[in-house]
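The block underneath contains the structure these notes are about, expressed in structure tokens.
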């Protein structure tokens, strides 16, 4: 384990009036903005002795202290698990994630995740995401299947993180929902925040929520269900699940947000169908499509017949 790195900056000149995360990205330019935002979020940055937010505006003379915690050895165990690989080169790997597997380790869980499988398959992954999230630039819920992009080195991690932050990554999902909808399309715009009581859940929050937009198109309807194509314009936690519950058509199998209308399914019927992004090194626009898993196909046949 290495020593922590403590640095101090004084705000002046053209930096006055900029966001804190942008100021630090300019001042400590070897760190990615996503890494800086994580350090701010985890309390490793102070402004005049106070813990700030990434979006706070810095003023002339502000004393900003940035502490990089010691780098800890990665103690995750590589596990040889079959992966469905949609694309792979030296910078990037795109996986068709199976439902039922967590993307990365969490409290009390160090094995059986996609990261464990990736460490066996790739040997090396970007370390920017932290010791428990190597290579991870975006996530899918445990019970959501489909496209997931992973960075194999720090350069790719920084480039992909910039695309997600700039919202230039195209994310299209398929959702099987309760209720028969007419053919057509629509948009759900509603801010999302952590639930005030149930802290592992998200909720619509008119005050203090982060803006979120989901476009949807009805692909097929039948019985008492509909198949929707959902396009994310923001990437809030549980966004599609929360928005569709708010819309009155929760995802089938979603026991957290679906309530009684969730139905008898083994998992939430949500699939990250398509992903579009620029290759981190060549800048070529690339598109990926994850085939529907068998349980999703069966669910469509059962409820839309």
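In this note's numbering, the protein residues as written are 10 to 314. We put the CB at the ideal spot given by N, CA and C, even for glycine.
For a test of the three-state rule: what should DSSP assign to residue 308, helix, strand or coil?
helix
Can you tell me the Cα-Cα spacing of residue 82 and residue 206, whole angstroms?
In this predicted model, residue 82 has a pLDDT of only 46, less than 50, meaning its place in the structure is not dependable; the value taken from the coordinates is given anyway. Residue 82 and residue 206: Cα-Cα distance of roughly 36 angstroms.
Alpha carbon of residue 313 to alpha carbon of residue 94, nearest angstrom
30 angstroms
Following the continuous alpha helix (DSSP H) through residue 18, name the residue where it begins and the one where it ends.
Per DSSP, residue 18 belongs to no alpha helix (DSSP H); it is in the beta strand (DSSP E), 14-19.
So what does DSSP say about residue 159, is it helix, strand or coil?
strand
Is the stretch 57-73 touching the stretch 16-25, taking contact as three or more C-beta pairs under 8 angstroms?
The stretch 57-73 vs the stretch 16-25: in contact.
What are the start and end residues of the beta strand (DSSP E) that includes residue 41?
From DSSP, residue 41 is part of no beta strand (DSSP E); its letter is neither H nor E.
What does a CB cutoff of less than 8 angstroms around residue 109 pick up in its chain, not counting 5 residues either side in sequence?
151, 152 and 276
For residue 102 and residue 297, I'd like the C-alpha separation in whole angstroms.
Their backbone Cα atoms lie some 11 angstroms apart in a straight line.
Taking C-beta to C-beta, are residue 123 and residue 185 nearer than 7 angstroms?
no
Do residue 135 and residue 163 have their beta-carbon atoms positioned less than 7 angstroms apart in this structure?
yes
Can you give me the start and stop residues for the alpha helix (DSSP H) that residue 124 sits inside?
Here the alpha helix (DSSP H) through residue 124 covers 123-131.
Go through its chain and collect everything with a Cβ distance to residue 130's Cβ below 7 angstroms, but skip five positions before and after it.
Within its own chain, the residues whose Cβ lies closer than 7 angstroms to the Cβ of residue 130, once the five positions on either side in sequence are excluded, are 92, listed in chain order.
When burial is assigned at 16 or more other CB atoms within 10 Å of the CB, is residue 303 buried or exposed?
exposed
Exposed or buried, which one is residue 168 when buried takes at least 16 other CB atoms within 10 Å?
buried
Go ahead and label residue 257 buried or exposed: buried means 16 or more other beta carbons lie within 10 angstroms of its beta carbon, across all protein chains shown.
exposed
Under the three-state reduction of DSSP, which class applies to residue 298: helix, strand or coil?
strand
How about residue 246 and residue 211: do their beta carbons lie closer than 7 angstroms?
yes
Just list the beta strand (DSSP E) runs in the stretch 162-207, keeping only unbroken ones of 3 residues or longer that don't cross its boundaries, in chain order.
179-187, 194-198 and 201-203
Alpha carbon to alpha carbon, how far is residue 310 from residue 8? Give it in angstroms, no decimals.
Past the edges of the chain, shown from 10 to 314, lies residue 8, and the structure says nothing about it.
What residue range does the alpha helix (DSSP H) around residue 30 cover?
29-36
Between which two residues does the beta strand (DSSP E) holding residue 249 run?
Careful: residue 249 lies outside any beta strand (DSSP E), inside the alpha helix (DSSP H) at 248-256.
Is it the case that the stretch 188-207 contacts the stretch 283-291, given that we only count it when at least three CB pairs across the two stretches are under 8 angstroms?
no
Against chain C, with Cβ distances strictly below 7 angstroms, would residue 248 count as a contact?
Protein chains in the displayed structure number just one, and chain C is not present.
Closest by C-alpha distance to residue 176, when choosing among 223, 160, 209 and 143
When only C-alpha atoms are compared, the closest one is 223.
Residue 213 bridges to which residues according to DSSP?
201
Under the three-state DSSP convention, the category residue 49 falls into
helix
Alpha carbon of residue 88 to alpha carbon of residue 128, nearest angstrom:
Looking at the two C-alpha atoms, the distance is approximately 7 angstroms.
Does residue 125 pass the burial test, meaning 16 or more other C-beta atoms within 10 Å, or should it be called exposed?
buried
Leaving aside the five residues before and after residue 259 along the sequence, list all residues of the same chain whose C-beta is less than 8 angstroms from its C-beta, in chain order.
Around residue 259: 186, 187, 250, 253, 266, 267, 268, 270 and 271.
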